[in-house]
Amino acid sequence: MTETPARSLLILLVVALICSVLVSVSAVMLRPIQLQNELIQRYRNIVALTGLVTADAQLGDEEILAAVGELDVRVVNLNTGRFEPDMDPETVDARAALNDASASVAIPAESDAARLGRRAVHEVVYLVWADDQLERIILPISGQGMWSTLYGFLALQGDLNTSAAVTFYEQTETAGLGDQIQNPDWNARWVGRRLFGPGGDIRFRIASGIVDDDSAAATHEVDGISGATVTAAAVTALVRFWVAEEGFGPFLSHLDDNPPVRTDTVRGAD
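Throughout the sequence shown, residue numbering follows our numbering, covering 1 to 270 in sequence.
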């Protein structure tokens, strides 16, 4: 058969169409797997903050899912500062809620230290119990860094004031500088730091340099990150936002006055 420019072009178009269909089908088929992997990775970060596993524990996917299944997972209404006992945590997607005016609220500019613009009405938190005593509570935190939105989890001890652990699981800050917020050694420096002063004022901050553990500053301050002052300042701002009035502040105050009750039958009761 005679080869013509038109025939060559047709063959190219058919091949391109077939490749496009194959890529689209592959993307659709692989998307659930990708979402599952993202979920497990997020759960892996949460489990690492519970204090129930050692720092060097190598848990498989099934073990991670089982560990999360043992946690007391609840939904918080940030507008009221109360648990939502009738809401299934698995139905809450705080990121998706930002595109839904009925599921999120605009943050007043003067209160938006984290530079988020909007926040979801509902967030999922994770409670860790030692018998009937609240051992830790894990809160999602986020805010704008220098180049990206920083996403993490902050674990507080049962006093709702002392940092037990932290992790930032998603960021695209400057390599070798701002991305050090994911350095385990730096994260370990958060342990024992307190968010609030005796009068309830927020005192937590990332310092400009190394904090002497024997100094008064060590009560509320974490070591600065050399060469990443913008990212460090952003971390200070986002933590302060999430424990203040527009974030989990009312919720933490409510829990302080009305300690949660552990129950295996009615999850989320105050």
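Glycine included, every Cβ here is placed at the ideal spot set by N, Cα and C. What you are looking at is a predicted structure, and each value in this text was computed from that prediction instead of being measured.
{"Asked": "Sequence ranges, alpha helix (DSSP H) only - wholly within the stretch 161-199, length at least 4", "Found": "184-188"}
{"Asked": "Nearest neighbour of residue 224, chosen from 206, 240, 234, 263 [CA to CA]", "Found": "206"}
{"Asked": "Residue 149 in three-state terms, based on DSSP", "Found": "strand"}
{"Asked": "DSSP bridge partner residues for residue 129 (one or two, in chain order)", "Found": "134"}
{"Asked": "CB contact flag (residue 238, residue 141, <7 Å)", "Found": "yes"}
{"Asked": "Selection from 232, 169, 74 that minimises the alpha carbon distance to residue 87", "Found": "74"}
{"Asked": "7 Å Cβ cutoff met for residue 139 and residue 241", "Found": "no"}
{"Asked": "Cβ neighbours of residue 146 in the same chain (closer than 8 Å, five flanking residues each side left out)", "Found": "173, 174, 178, 228, 230, 231, 234"}
{"Asked": "Residue from 118, 152, 158 whose Cα sits closest to the Cα of residue 42", "Found": "152"}
{"Asked": "Bridge-paired residues (DSSP) for residue 204", "Found": "Paired residues: none, contrary to the question."}
{"Asked": "Contacts around residue 19, its chain only, beta-carbon distance under 7 Å, and the 5 residues preceding and following it disregarded", "Found": "none"}
{"Asked": "Segment contact flag, the stretch 93-106 with the stretch 121-129, C-beta cutoff 8 Å, min 3 pairs", "Found": "yes"}
{"Asked": "Pick from 128, 202, 93, 168 that is closest to residue 273, judged by C-alpha positions", "Found": "For the chain, the structure presents residues 1 to 270; residue 273 sits outside this window and is missing."}
{"Asked": "Strand pairing of residue 293, partner residues [DSSP]", "Found": "Here the chain covers residues 1 to 270 and nothing more, so residue 293 does not appear."}
{"Asked": "C-beta contact flag for residue 135 and residue 117 at 7 Å", "Found": "no"}
{"Asked": "Proximal residues to residue 111 (C-beta, below 8 Å), its chain only, five neighbours per side dropped", "Found": "241, 244, 245, 246"}
{"Asked": "Limits of the unbroken beta strand (DSSP E) element including residue 61", "Found": "Unbroken run through residue 61 is the alpha helix (DSSP H), 61-69; no beta strand (DSSP E)."}
{"Asked": "Residue 211 versus residue 22 - alpha carbon distance", "Found": "55 Å"}
{"Asked": "Distance CB(residue 143)-CB(residue 250) smaller than 7 Å", "Found": "no"}
{"Asked": "Identity of the residues DSSP links to residue 8 by a beta bridge", "Found": "Answer is none; residue 8 lacks a bridge partner."}
{"Asked": "Close Cβ partners of residue 71 (< 6 Å) along its chain, the five nearest in sequence each way excluded", "Found": "126"}
{"Asked": "Buried/exposed call for residue 104, threshold 16 Cβ in 10 Å", "Found": "buried"}
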